[in-house]
Amino acid sequence: MSDTTAAAPVLELRDVSKSFGPVVALRSGSLRVDAGSIHALIGENGAGKSTLVKVVAGVHRRDSGTFDLGGESVDFSSTAESKQAGVAVIYQEPTLFPDLSVTENIFMGRQPLARGRRIDRPAMTAEAERLFSRLGVRIDPRRPAAGLSIADQQIIEIAKAISLDARLLVMDEPTAALSGVEVDRLFAVARSLRDEGRALVFISHRFDEVFALADTVTVMRDGSYIDTRRIEETSPSELVSLMVGRDVDDLFPKVPAEIGAPVLEVRGLTKAGVFHDIDLVVRAGEIVGLAGLVGAGRSEVARAVFGVDSYDSGSVSLSGRDIKAHDPRSAIRAGMAFIPEDRRKQGLVIDSSVSRNVAGVIRRSIAKAGLITASMENRAAGPWAGRLEVKTNALDMNAATMSGGNQQKVVIAKWLATDPQLLIIDEPTRGIDVGTKAEVHRLLSELAGQGLAILMISSELPEVLGMADRVLVLCEGRLTAELDRADATPEAVMHAATHHLETTA
Ligand SMILES: Nc1ncnc2c1ncn2[C@@H]1O[C@H](COP(=O)(O)OP(=O)(O)OP(=O)(O)O)[C@@H](O)[C@H]1O
Ligand SMILES: [Mg+2]
1 MSDTTAAAPV
11 LELRDVSKSF
21 GPVVALRSGS
31 LRVDAGSIHA
41 LIGENGAGKS
51 TLVKVVAGVH
61 RRDSGTFDLG
71 GESVDFSSTA
81 ESKQAGVAVI
91 YQEPTLFPDL
101 SVTENIFMGR
111 QPLARGRRID
121 RPAMTAEAER
131 LFSRLGVRID
141 PRRPAAGLSI
151 ADQQIIEIAK
161 AISLDARLLV
171 MDEPTAALSG
181 VEVDRLFAVA
191 RSLRDEGRAL
201 VFISHRFDEV
211 FALADTVTVM
221 RDGSYIDTRR
231 IEETSPSELV
241 SLMVGRDVDD
251 LFPKVPAEIG
261 APVLEVRGLT
271 KAGVFHDIDL
281 VVRAGEIVGL
291 AGLVGAGRSE
301 VARAVFGVDS
311 YDSGSVSLSG
321 RDIKAHDPRS
331 AIRAGMAFIP
341 EDRRKQGLVI
351 DSSVSRNVAG
361 VIRRSIAKAG
371 LITASMENRA
381 AGPWAGRLEV
391 KTNALDMNAA
401 TMSGGNQQKV
411 VIAKWLATDP
421 QLLIIDEPTR
431 GIDVGTKAEV
441 HRLLSELAGQ
451 GLAILMISSE
461 LPEVLGMADR
471 VLVLCEGRLT
481 AELDRADATP
491 EAVMHAATHH
501 LETTA
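Position 416 of the sequence shown, counted from 1, bears residue number 416 in UniProt numbering, the numbering being contiguous throughout.
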């Protein structure tokens, strides 16, 4: 054989299927990943990406199809088996043991033993230090895992994978909860692993990340393989049409809305060390964008306005009525809805049906004589879930088994069903695929057109500039600019997000 013959790929899946009862999660998944490459896996919410990953990880067993690692057929029935075979999967939210040290987490279950019986701690710590320096990151191996950022926890999972000499690393939406700097560090680590000859699979809904990191990209749709492209031979628009199988309408379909009376009025809101002297007004029909860098205090302001967090001074009123501080119930009663950033943790009753989740907040209004039946929940939830294209076969499906993006849509549906006057939405489209993104934007725009006041926090500048009537910029806990739609250029927003206002007073 000549040496130009390609080596067997590290991972090769062909026509893999997986069903859960009546739900076909994966119809025909195929993926071929070579050593020394970073392979992006993309597709709309519910396309089957995570299910495919779970087959590779040994969480699920495939129903049919072939699965080869390094040219040999495998069939894992546990995650331990996949680890043994050199597969490491890094999830969006790693599950370290908080009470154990960083080092103990890395060597969990296979601590090197000093001669005789004792665990050789110094050797473990030294090895952990060596791994971190090889990855170019600084984490104290002796500290407990509790309190580490998600970014650091992922790095520890990666260090663990390398110490096990994993040949395949799979990262399922690793960047969803990371800041810009943390994403850069993760990418640097990923590239160095690729350069060592390992194979990486990277799942993301962000095209900028896919184009920055991957050399190859595979698109999935409705549980099936669609196509694979070299990154330099494709474009975002080609990938979008492969993903959705149709042309996507313009993002940010802003419809002009009549702007009415002030709905939300915030005066002098201050929380020491977090945000200072925040004045803001959102009028009926208006979308106000709250822009700024990660850590500028945007989510903190939103949480204080809604009352999930307290504040030191200032006032919040809704349609002229004062809202008690730190009392989200009274905020909800007054007509506020708040869709938080971390929807999986804060917004969803995971072990409950879609209908129950959507109807949860409006329980009181749909209950007749204190009784709620499943069919009443379905009636209340149906229209909203349908509007957001929550892809579930039935509304009584358990939210825990839904894809990540679909879980987020359920949370949005749940709040819209309360018929609020003000909607505060933090990162409305994070983790949501392109097709649905346009849908969410259209929906927000329509709701504003019907008179809803919307305060929208977003780290995606095009989203803020495309959707907002007015943009407020926060920098280090202070408002540094208020820009009308016409004046809100990327430069103006970025300038205000990174520089304090030169006050004239
Ligand atoms: N354990 C399960 N039981 C029932 N249905 C499931 C289960 N796991 C996944 N599904 C369904 O399979 C489909 C594919 O889900 P999957 O999580 O693989 O999508 P995904 O491509 O990762 O989406 P996202 O981008 O939103 O994370 C979804 O419709 C989901 O509801
Ligand atoms: Mg997923």
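Cβ atoms here follow ideal geometry from the backbone N, Cα and C, with glycine treated the same way.
With a threshold of 7 Å, establish whether the CB of residue i neighbours any heavy atom of ligand 1.
i      : result
VAL23  : yes
THR175 : no
THR218 : no
ALA88  : no
THR51  : yes
ALA47  : yes
PHE20  : yes
ASP165 : no
ASP433 : yes
GLY136 : no
GLY289 : no
GLY43  : yes
Looking at residue j and residue i, is the spacing between their C-beta atoms short of 8 Å?
i      : j      : result
VAL33  : PRO9   : yes
VAL102 : ALA85  : no
VAL219 : LEU239 : yes
VAL59  : VAL244 : no
ARG221 : GLU44  : yes
ILE278 : VAL301 : yes
ILE119 : MET171 : no
LEU26  : GLY223 : yes
ALA481 : ALA496 : yes
ILE339 : VAL281 : no
GLN154 : LEU131 : no
ARG283 : GLY268 : no
ALA272 : ASP312 : yes
ALA337 : THR436 : no
LEU318 : LEU164 : no
With a cut-off of 8 Å on the beta carbons, I'd call residue i and residue j a contact; round off their distance for me.
i      : j      : result
ILE162 : ASP152 : Incorrect: roughly 15 Å between the Cβ atoms, too far for contact.
ALA40  : GLY197 : Not a contact, Cβ separation roughly 19 Å.
ILE150 : GLU233 : With a Cβ gap of about 33 Å, ILE150 and GLU233 do not count as contacting.
ILE457 : PHE306 : In fact, because the Cβ distance is near 12 Å, the residues do not count as touching under 8 Å.
GLY431 : GLU173 : 7 Å
LEU290 : LEU444 : With a Cβ gap of about 14 Å, LEU290 and LEU444 do not count as contacting.
ARG298 : LEU483 : So it is not a contact: roughly 15 Å between Cβ atoms.
SER50  : ARG61  : 15 Å between Cβ atoms; not a contact.
Figure out for me which residue from the options has the closest Cα to the Cα of residue i.
i      : options                           : result
ALA88  : ALA284, LEU69, ASP99 and GLY46    : LEU69
ASP208 : ILE231, ASP195, ARG221 and TYR225 : ILE231
LEU447 : GLU258, PHE306 and ASP120         : GLU258
LEU416 : LEU483, GLY335 and ALA488         : GLY335
THR95  : GLU127, ALA57 and ILE156          : ILE156
LYS160 : PHE211, GLU439, THR175 and GLU104 : GLU104
LEU452 : VAL473, ARG27 and VAL288          : VAL288
SER237 : LEU213, PRO256 and ARG206         : ARG206
ALA296 : LEU11, MET494, ALA337 and PRO462  : MET494
GLY29  : ILE454, GLY21, ASP419 and VAL53   : VAL53
GLU81  : THR66, ALA57 and ARG333           : ALA57
ALA177 : GLU482, GLU341 and ALA126         : GLU341
SER459 : GLU427, ALA486, SER317 and ARG485 : GLU427
ILE226 : SER241, ALA212, LEU213 and LEU100 : SER241
Report all residues from its chain with a CB closer than 7 Å to the CB of residue i; omit the five preceding and five following residues, and keep chain order.
i      : result
HIS276 : THR270, GLY477 and ARG478
ASP63  : SER17, LYS18 and SER19
GLY347 : Summary for GLY347: the model assigns pLDDT 49, below 50, so the residue's position carries little reliability, and this model does not support an answer.
THR429 : LYS437, VAL440 and GLU463
Please confirm whether any heavy atom of ligand 2 lies closer than 7 Å to the CB of residue i.
i      : result
ASP172 : yes
Could you pull out every residue in the same chain whose Cβ sits closer than 6 Å to the Cβ of residue i, ignoring the five residues on either side in sequence?
i      : result
VAL294 : SER179
THR228 : THR218
LEU31  : LEU13 and THR218
THR98  : In the sequence under discussion, the amino acid at residue 98 is Pro, which differs from the Thr named in the question. If we look at PRO98 and ignore the five residues flanking it on each side, its Cβ neighbours are ALA145 and ALA146.
ALA488 : LEU465 and VAL471
VAL316 : VAL266, VAL305 and ILE323
PRO490 : LEU461
ARG485 : ASP469
Could you tell me whether any non-hydrogen atom of ligand 3 is closer than 7 Å to the CB of residue i?
i      : result
GLU196 : As presented, the structure is devoid of ligand 3, carrying ligand 1 and ligand 2 as its sole ligands.
Can you find the residues in the same chain that come closer than 8 Å, C-beta to C-beta, to residue i, ignoring five residues on each side of it along the sequence?
i      : result
LEU327 : It should be noted that the sequence gives Asp, not Leu, for residue 327. Same-chain partners within the cutoff: GLY307.
ILE158 : ALA88, ILE90, LEU135, LEU169, VAL189 and LEU193
SER37  : ARG194, ALA199, LEU200, ASP215 and THR216
SER330 : GLY307, ILE323 and LYS324
SER310 : LYS271, ALA304, ALA325 and HIS326
GLU129 : PRO141
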